[in-house]
Structure formats: C-alpha cells, structure tokens
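Read the structure below first, then the notes.
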Amino acid sequence: MPYEGACHCGALQFRLNTRPPSALLRCNCSICELEDFLHWIMPLSHFEWTSGEASTYRFGSGVARHTFCPTCGVKPFYFPRSNPDGVSINARCVPGLNWRALVVDEFDGQHWEQNAATLSHLSSE
Numbered sequence: 000m001p002y003e004g005a006c007h008c009g010a011l012q013f014r015l016n017t018r019p020p021s022a023l024l025r026c027n028c029s030i031c032e033l034e035d036f037l038h039w040i041m042p043l044s045h046f047e048w049t050s051g052e053a054s055t056y057r058f059g060s061g062v063a064r065h066t067f068c069p070t071c072g073v074k075p076f077y078f079p080r081s082n083p084d085g086v087s088i089n090a091r092c093v094p095g096l097n098w099r100a101l102v103v104d105e106f107d108g109q110h111w112e113q114n115a116a117t118l119s120h121l122s123s124e
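In terms of numbering that gives the first Met the number 0, the sequence shown opens at residue 0 and continues consecutively.
Given below as structure tokens:
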C-alpha cells in the first residue's frame, strides 16, 4: 500500500511502498526523546524521497544521518546507524497512517550499544 508523508511545511516529501507496520518504536535516546520520534523502520527500497532538500545532523559515531527540514525543523525520516540498509520514518509525518491505533514498543536507546542489534531485522526485505 502506498503512503505519502512530509514535514510540517511540506517542503520535504516522501512516498512509501510498503505494508502498514505491525508496531512502531519509541526510543529514549538523547535525540529521539527530544523529538518524540515514532520509528517505522523499513528497507530503503520501500522509500522514495520525492521532493525537498534536507539539512543533515550527525553526532556520536557520525554514521546515522539525521535529516530535517531547514524551513520548519521537522525530521520526517532519517537513515539510522542500526539499519544502514534502511530508513526510519517518523510515523507522525504520514497522514494516511493511523499510528494512534498501533502498538508502540519501547526501545532502550539510552543503552544503545547493548541494544542496537535487536533492530537490524527491521530493514530486511
């Protein structure tokens, strides 16, 4: 099922060609907790960035590429270190997805190194 999403101002837009998620993730790491990001991790092949240019922020190891809109500041998606072959979509930025009806699993990102491997399967085809 195709989904479309965007940042708040609509400058960054994307399309997803995938099934609805069975669950989302809420991470308590230093950046996700501040953003209240609801992760929907999928293979990169299911994602198409359709318009806009993002600003990028990297920290720590520098591997994860956090993308956000330079106009409104919203981060609708990013490219996580845990899933180098995937993308993490902020479910809150996908209007056609009823994320409030989904299970939200908690991920202990405060202990990232010990737990990151538990996410790698989420971007498998």
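Ideal placement from N, C-alpha and C gives every residue a C-beta, glycine not left out. This structure is a prediction, so every number in the text was calculated from the model and none was measured.
Check	Outcome
For the 8 Å Cβ check, are there 3 or more pairs between the segment 31-45 and the segment 53-61?	no
Got a sec, what are the start and stop residues for the beta strand (DSSP E) L15 sits in?	12-16
Pull up the distance between the alpha-carbon of E32 and that of G108, whole angstroms please.	9 Å
Kindly indicate which residue of C71, A116, Y56, T17 has the alpha-carbon position closest to the one of G9.	C71
Name the two residues that bound the continuous alpha helix (DSSP H) containing N97.	Premise fails: N97 is in no alpha helix (DSSP H) and is neither H nor E.
Distance, Cα to Cα, S119 vs R80?	9 Å
For T49 versus Q12, is the C-beta distance shorter than 8 Å?	yes
Pick from H38, V73, S122: whose alpha carbon is nearest that of L101?	H38
In terms of alpha-carbon separation, which member of P83, N82, R91, G85 lies closest to K74?	R91
Quick check on the DSSP output: the alpha helix (DSSP H) that includes L118 runs from which residue to which?	No alpha helix (DSSP H) contains L118, which DSSP labels as neither H nor E.
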